[in-house]
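Numbering (my numbering), first residue to last: 5 to 88.
We put the CB at the ideal spot given by N, CA and C, even for glycine.
Please read these numbers as outputs of a predicted model, since none were measured by experiment.
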């Protein structure tokens, strides 16, 4: 089992109700699925609009099932930001 931290920002933080929490999954898809189960409702809708960084690297268009998570790693959940 791989463990690390998911960090939520802005609207994702509000929807999850926490700034960060641990993960115990091997892929980004599995970690996000577990997050949806822990935080049903708004987080699922917010995640559809988010981009993700895994250990500082953008996930981009890669399938989440193919993005492996590292022991002690960090997943950043970044909703679209308004600029000004």
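Residue pairing of residue 79 in beta bridges, as defined by DSSP: 10, 58. With a cutoff of 7 Å on beta-carbon distance, residue 78 and residue 59 are scored as near each other. Going by C-alpha positions, residue 31 is about 22 Å away from residue 46.
For residue 85, the number of other beta carbons within 10 angstroms of its own is below 16, and it is reported as exposed.
For residue 70, DSSP assigns no beta-bridge partner whatsoever.
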